[in-house]
Every structure is written in structure tokens, then in C-alpha cells.
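Written below as C-alpha cells is the structure these notes are about.
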Amino acid sequence: MFLKKLSIAAAVTALAAGAAAADCTNTVPVKTISNAFPAYESMAAAMQACGNVTSELDKDHRLKIVDAFSANPSLYSMTSLTNSTSVPMIDADLLRPLDDLIAEYGQGLSPNQFIKIDGKVMAIAAFANTQHLMYRKDILDDLGLAVPTTWDEYIAAAEAIQAAGVVDYPIGHYFMDGWNLAFVFVNHYLGEGGAFFNADWTPSINNEKGIAVLERMAKLASLMDPEYLVSDTTFVTKQLQQGDVAMANLWASRAGAVNDPAESSVAGKIVMAKALMGSEALAATVWWDGWAIAKNIPDEEAEAAFKMIVASMTPEEIAAHNDDALWLAPGFTPGDAAIGAAETFASGMAAPYPMNKHIGSMHNALGAGLAAYLTGSKDAATTLADIEAAYITDAKEKGLLQ
Amino acid sequence: MKRKTFMIFVGPSVFMMLLFIAAPLVSVLWQSFHLTQPIYTQVEVETCTPGFPAQICTTETQIRPQLDDNGKIITQTTFVGLQSYRNVLEPERLRAALDAGSWDQLMNLRFWSALRFTLVFTILTLPLVIGTGLLIALAVNNTLQRIKGPVIFISLLPFIITPVIGALSIRWLFIGDGILTAALESWTGRDIAMFAQGWTIELMMYLYRVWHVAPFAFVVFYAGLQTVNQDAVEAALIDGATRFQRLRYVIIPHLMPLVVFVTIIHLMDAYRVFEEIVGFSASAHVLSLQWLTYEFLLPDGTGSRAISRASASAMLTMIGIAILLAFPLRRVWRDHKGR
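Protein chains in written order, with the numbering used here: chain A, 5 to 406; chain B, 133 to 471.
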């Protein structure tokens, strides 16, 4: 961690040669906590360059922030936030509305970045994320295959690639047991036009659409490395980088890495494309990632924290880290890495990942229950019925369902 | 020792045990019979999130916890009796599976499948740990005095490694085209995927646990070997006892209390198997009881935990350990009374 901070600090010193960081000098101590990947690393570095900012980058930050922000004063001035991590923070009323600060200091931000709950801005989105197709253009061209646009075409193309035997496995997918596997189901179920809940929040996944999704997942699994149940996003990224697979449906935030010559043996050969269609919509969800400020801190600190958010998103900063993410702030020019996500967003066919309390419980039940179908110990209908039962037990215990 | 002096010496540790062991235990027991929930109300919420090109606003009926004047979430606690235990044990579905006589159906119940693995894991690794530990101890005892130090040090290494780290390093040797999998593949000429099916993962977990814990058994037995009565060994030698007979009738009976000790420690440890499930990402294929508790305790994507079921599951794990320990402890008690 310390080494990482050092290297960030070094990177910042190099970058700060420009005038960008000069006008953000900060005198009030600000402490941030955030997820840890390149986009947050560059934002944290930009904040630190202004002085008096301590940044904690932690992939498990979501397990800390509710308790940390409940303290008075809060242990951090601000945190990174997404669709789903915002739910418990807003429930417990731990975030400070930002409207007054935006009026005073936020002219440089785009209104599209404001996460508004009942009219009040509770967070500033920094970038958007989604999942879309990444494919090896050379392989598809050699085999004369068109770029797939639907999951059926994708499976057909994968079978053709498998038959040609040019790669170990035609596709990679984040099928790791737990959150990832459940997330695949969530995306595909939305792509089939499914709704997870009835009006009274009872579950409604044990239906034709749910079964269709499971059958498609089993089909996809048969085209993957047989160790797919331990395959997370990083694993799939490596499969693409090492040329083990020809296509993958992956998070947009990995689009830069798969073509990074420092890591990838097939750099430049992987092309991004729009997310794939299910029967009714794209089987992809839109996520926003951004910053929110603690309620339990003095106004002075909140003001300083807000200025840091603004400083991390100046057009100069965005331009310097253009390919790290799909930035929402002004100054972003979508490059080759962003094409897939940009087309996915532009189509308007990808739903945002739901921001309600029940999806957390449902996502958990799916994560625990889906593997049984893929390992063959349950059939599709039993799997879905068991997941519904697990959701009901869980939601009742958590007070979400009567 | 005077009673007062005794109390002064023992007092602090009794106090610590009450504070850090007994009190949390009582609290877990209490929580397993109660349910603490926020009081939710339905609200219409308008949410605006980034869209392309413009924001997307949706209005949805959601539930929100009620807050008190200090901004804290209001919770209510109700006594639910054995409900959480029922939720963990799923007795109706257990009965259905037993009535149908279907092992597969039984193994689809999370608790019972976790219990199956936990018991097999505990009971299968026990003789292997004791056997391997004893073998290493005998081997080291018979090596040259000069190299004993280094040999003991190397034999102890696996035990020094943090369990999760050890499990992860074994996982990296085998996952995907890890070097050992690659080696096996070139040796057998077949495509091998160690993480694709349950039994290979289970096998790796057993081997890992034996590799990790055998040094502990070794150290204990090695210490025991230093106290073997040499007169008795020599007497047996004069009586014409073979090497095996000396081991069987002199050395092992001498080590027996230590075997019981290692057994007790191992049963307690192995029944709480958890690191292996994490390290080998085994949860898709096999679960352990401790993993189940962890799953309940981990907040879901939107921050709620299943504390009551986690408590019930933890109590059940403790009851399981108590039952398992009853056997070796009874032996200790009998020996104690016999003296």
C-alpha cells in the first residue's frame, strides 16, 4: 500500500509539471476512501497533488464505509460510490446533499454527473461503466465471421471458432461463483425483459425467461475453459491478453488493459463492440462510479472535499487519463477503447443496475444458488425455485419482505 | 498455594475469558433466538443517474428504514425462537429428501452438504495428519545428529505459513495453466483442469490440510520421542522384539496421550475449515459450515446482513465440535480416573 502511494505520488510529481494542479491548493485535511483501479488511482493522485489529502484505495471499501460514515465525525471526508453501494449510505442518511457546493464551486461539472435522489444531488458521478463485447478482429476476419450483435450470433460464432480450433477456448466470461455468476444472470435476465420482483417485492424469476437465461448460461459455459466457476474479471482479462480466448463479454473498465502492450501478447488485435442483445434489451447494465461526501463532517471540510472532487475532474486531468475510464466530465474524447461502451450507452438499450434494497438480497441468493445448475446437481426449474425460496428467507430475515 | 494467592493469579485470565469468550458466546446465543430488523416504510423515490446523452430519471417505490431524531436507523428486536435454526437446517426439505431416499436431493441443501464436507474433511485428514506427523518424527529422530536442526526447520515450514496464503499458493500452482497443472499435462499428455470439478478441488483441500498441519503433529510427537524410556526399549530389544514390535508395543503406547492431544486440536481446527474454501475458490462445488456462517455474515450488495442465521449457524458449528470432541475427551477422562 505504501509503495503504491509512493508510486502514485511520483506519478503526480511528474504530471503536476503542468499548470493543472496549481490552482487547487488545499489547506483543510481531507481523507478519502475509494475502490482501487486505474481511474480511482489517477483521481486520488490529482487530489493529493493539491495537498493535505490522504487517500485510501481499497477494493473492499464497501464493507467499511457504512460504519465509518456513521461515526461522528465521520472517519473519512468522502468515499467512492456506485449504484449499489449508494443504497445503504442513503438509507442511513450518511451523505451530505451537494447542491449548495455545486452552485458555488461546481460550474465545471456536467449536469449529467449529478446523482439526484428526490431532487437533491447526493453524489457526483466520475465515470460510467458497463459490459460489452471484446473480440479478436484477426480471428473473426480469418474465419470470415461477422461481428456478433446478439447472444445467439455470439454462440454461433463461438462454435465456428471452436470448430476451427484456433484458440484454446472460443470465449471467456466472468462466471466465478458468487457475485460474478449472479451478475451474469442479472444482465441476461434484464436482456430478456425480465423483472426480478412482483409489485409486493416477492420474487419472479422462476419463469420461461429465467429458464432461457440458465440454458444460455450453460451453453456459454460449454464454450469456456472448464474452470469457469473460478473465472473472475481479472481471469478473463488475462485470457484475452494471453490469446487463450477469441471473444469475451467484459467490463468496459478493462478495455484499456486488454490492448495494453505492457501486459497483452495480442495488443492491438482486440476490438471493442456494443453489448450483445438478448431477446428484448442488451444483456448489460449501466453503472456509475463517483464520489459522495460525508454528512457528519464540518462544513469547512465538506467544502474542501468538494473542491478536491472538482480538481480531480478538470479537463486537463481527464485528458491526461483519457483511456482509464468512460469519463462523464467535460474533456473526455472516446478513444478506441471506449467504442464498445459508447455504442452500448448510445443505444439506450442497457438498463442501469437497480438501486434498491431488494436486489442486494436477490443478487446474493442468485450467487449462492446458480452454481448448482451449472455443475449439474439441479435442473433449471429447481434451481430457480430454490433461489426464490432462498431470497424469501433472506429478505424476511432482513426485514425487506413481510 | 493459599486460596487468595491462587485467585490473584487466576483472576485476570478468568476475567479475560469471561469478557472475550463467554460474553460474545452468550451474545451469539441470544442473537440466534432473536431477529433485529430496521423498520421500513414504502416511499416513492425519484432517482436521476447519468444517461447518454442526458440524465435518466426514474420513479420507483422503494423501502427506506425509518430514522430517529439523531439520524440513527430505528430497529426492532423480536424473539423468534428456533426460526433461524429452522432457516439454516431446513427440516421440511431434509425430511423430504430422507423420505425420497435421495442423496442428491440432500446434498442440494446447503447446510447438509456443508456438514457432509466438513465431517469428511475432519475425519479423513485426522489419521493422515497423525500418521504423517509420526512418520516425520520417527524419521527425524533417526537422522544424523548433525543435520537434525535443518531437517526440523524445513519440516516445520508449512506450519509457519499463514493458512490462506498457503492455500492461495497451492491454488496458483494448479489454476488454469499453473506450473503443476502444465507439468501434469505434459506428463500425462491430457488436458487437465483441476478446478473444473468438485472432487479434484476436494482432493487438493485434503492434501493441503495434511501438508499444513502434519508439522504440528510432528513437533509434538518428536518431543514425545525424546522422553521414551530407553531401558524399556533396550529390554524389548533383548527380548528379541523387531523394530515394528518396539514401535507398536513400546513407543506408540508411550505417545498415546500426545496422539489424543493432537486429535483434539485437529478435530477443533478441521471442523472450522474455512481457509481452504476461500483459497481454492471452492464454494461452487463444496461448502463448509464455517463458510456458511461467513456467507450469512457478509453484507449483501446493498449492505444488509443475515445476523440471526449467522448466529444460529455458528452455534450449530459449536455443537458439532462439542459432539466430536466428546469421544477423545471421554478417553482422557477415563485415563484420568484410572490413575
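Even for Gly, the Cβ is constructed at its ideal location relative to N, Cα and C.
Just so you know, these numbers come straight off a predicted model, no measurement behind them.
Under 9 Å from the C-beta of residue i: neighbouring residues of chain B
| i | result |
| --- | --- |
| Gly-364/A | Pro-431, Asp-432, Gly-433, Thr-434, Gly-435 and Ser-436 |
| His-367/A | Asp-432, Gly-433 and Thr-434 |
| Pro-230/A | Asp-323, Ala-325, Phe-327, Ala-328 and Gln-329 |
Three-state secondary structure (DSSP) of residue i
| i | result |
| --- | --- |
| Thr-59/A | Sequence check: residue 59/A is Ser here, not Thr. Looking at Ser-59/A - three-state DSSP - the assignment turns out to be strand. |
| Trp-205/A | coil |
| Thr-395/B | helix |
| Phe-131/A | strand |
| Ser-235/A | coil |
| Leu-388/A | helix |
| Tyr-294/A | Per the sequence presented here, residue 294/A reads as Gly, with Tyr not at that position. Looking at Gly-294/A - three-state DSSP - the assignment turns out to be strand. |
| Lys-273/A | coil |
| His-166/B | strand |
| Leu-102/A | coil |
| Arg-196/B | strand |
| Val-146/B | helix |
| Ile-12/A | The predicted position of Ile-12/A is uncertain, since its pLDDT is 48 and thus under 50; a value taken from the coordinates is nonetheless stated next. Ile-12/A falls in the helix class under three-state DSSP. |
| Gly-22/A | Only weak support is given to the placement of Gly-22/A: the predicted model assigns it a pLDDT of 39, under 50, and the value that follows is read from those uncertain coordinates. Three-state DSSP puts Gly-22/A in coil, outside helix and strand. |
| Thr-17/A | For Thr-17/A, the predicted structure reports a pLDDT of 42, less than 50, and the residue's modelled location is therefore unreliable. A value from the coordinates is still provided. Thr-17/A falls in the helix class under three-state DSSP. |
| Glu-222/B | coil |
Own chain residues within Cβ distance below 6 Å of residue i, not counting five before or after
| i | result |
| --- | --- |
| Leu-79/A | Ala-72 |
| Pro-152/A | Tyr-158 and Ala-161 |
| Val-70/A | Pro-92 |
| Ile-215/A | Ala-384 |
| Ala-127/A | Leu-85, Ile-119, Gly-294 and Ala-296 |
| Leu-405/A | Trp-205 and Ala-399 |
Proximal residues to residue i (C-beta, below 7 Å), its chain only, five neighbours per side dropped
| i | result |
| --- | --- |
| Leu-300/B | Gly-411 |
| Val-272/B | Lys-280, Val-283, Ile-284, Ser-287 and Tyr-354 |
| Ala-168/A | Leu-147 |
Residues that residue i contacts on chain A, provided the C-beta gap is smaller than 9 Å
| i | result |
| --- | --- |
| Ile-206/B | The premise fails here: Ile-206/B is roughly 11 Å from chain A at the closest Cβ pair, so nothing lies under 9 Å. |
| Gln-358/B | By Cβ distance, chain A contributes nothing, its closest Cβ being about 45 Å from Gln-358/B, past 9 Å. |
| Gly-321/B | By Cβ distance, chain A contributes nothing, its closest Cβ being about 16 Å from Gly-321/B, past 9 Å. |
| Leu-490/B | Only positions 133 to 471 of chain B appear in the structure, and residue 490/B is not among them; the question remains open. |
| Met-239/B | Ser-381 |
Selection from the options that minimises the alpha carbon distance to residue i
| i | options | result |
| --- | --- | --- |
| Val-345/B | Ile-384/B, Thr-294/B, Ile-153/B and Leu-316/B | Thr-294/B |
| Ser-283/A | Leu-61/A, Glu-157/A, Asp-145/A and Thr-36/A | Glu-157/A |
| Val-34/A | Ala-296/A, Met-180/A, Lys-402/A and Gly-169/A | Ala-296/A |
| Gln-215/B | Glu-219/A, Lys-400/A and His-362/A | Lys-400/A |
| His-362/A | Ala-285/A, Met-353/A, Phe-201/A and Pro-230/A | Phe-201/A |
| Thr-134/A | Ala-454/B, Pro-156/B, Ile-195/B and Gly-183/B | Gly-183/B |
| Lys-120/A | Pro-77/A, Asn-87/A, Glu-305/A and Ala-199/A | Asn-87/A |
| Thr-337/A | Val-190/A, Phe-131/A and Asp-146/A | Phe-131/A |
| Glu-392/A | Gly-403/A, Gly-380/A, Asn-368/A and Lys-402/A | Asn-368/A |
| Gln-166/A | Gly-112/A, Ala-355/A, Cys-28/A and Asp-248/A | Asp-248/A |
| Ile-409/B | Tyr-403/B, Trp-423/B, Arg-225/B and Trp-465/B | Trp-423/B |
| Val-352/B | Glu-317/B, Leu-258/B, Tyr-217/B and Gly-265/B | Gly-265/B |
Proximal residues to residue i (C-beta, below 8 Å), its chain only, five neighbours per side dropped
| i | result |
| --- | --- |
| Ile-439/B | Gln-163, Thr-168, Phe-428 and Leu-429 |
| Pro-460/B | Val-392, Thr-395, Ile-396 and Leu-399 |
Partner residues on chain A for residue i, Cβ-Cβ distance less than 7 Å
| i | result |
| --- | --- |
| Phe-184/B | Phe-349 and Ala-350 |
| Val-177/B | Ile-121 and Asp-122 |
| His-417/B | Thr-379 |
| Arg-441/B | Glu-401 |
| Thr-181/B | Ile-119, Trp-292 and Pro-356 |
| Leu-473/B | Since the displayed chain B opens at 133 and closes at 471, residue 473/B lies outside it and no answer follows. |
| Arg-196/B | Asp-95 |
With 16 other Cβ atoms within 10 Å as the buried cut-off, status of residue i
| i | result |
| --- | --- |
| His-398/B | buried |
| Thr-250/B | buried |
| His-468/B | exposed |
| Met-388/B | exposed |
| Asp-201/B | exposed |
| Asp-432/B | buried |
| Asp-303/A | exposed |
| Gln-277/B | exposed |
| Ala-26/A | Caution applies to Ala-26/A, whose pLDDT of 46 falls short of 50 and renders its modelled position unreliable; the value that the coordinates give is listed next. Exposed, because fewer than 16 other Cβ atoms sit within 10 Å of the Cβ of Ala-26/A. |
| Ile-255/B | exposed |
| Met-139/B | exposed |
| Leu-98/A | buried |
| Cys-189/B | exposed |
Chain-ordered neighbours of residue i on chain B, where CB pairs are closer than 7 Å
| i | result |
| --- | --- |
| Val-91/A | Thr-434 and Gly-435 |
| Ser-88/A | Gly-433 and Thr-434 |
| Met-359/A | Thr-179 |
Listed by chain order, chain A residues near residue i by CB distance under 8 Å
| i | result |
| --- | --- |
| Leu-199/B | Ala-96 and Asp-97 |
| Ser-413/B | Met-180, Asp-181, Leu-233 and Val-234 |
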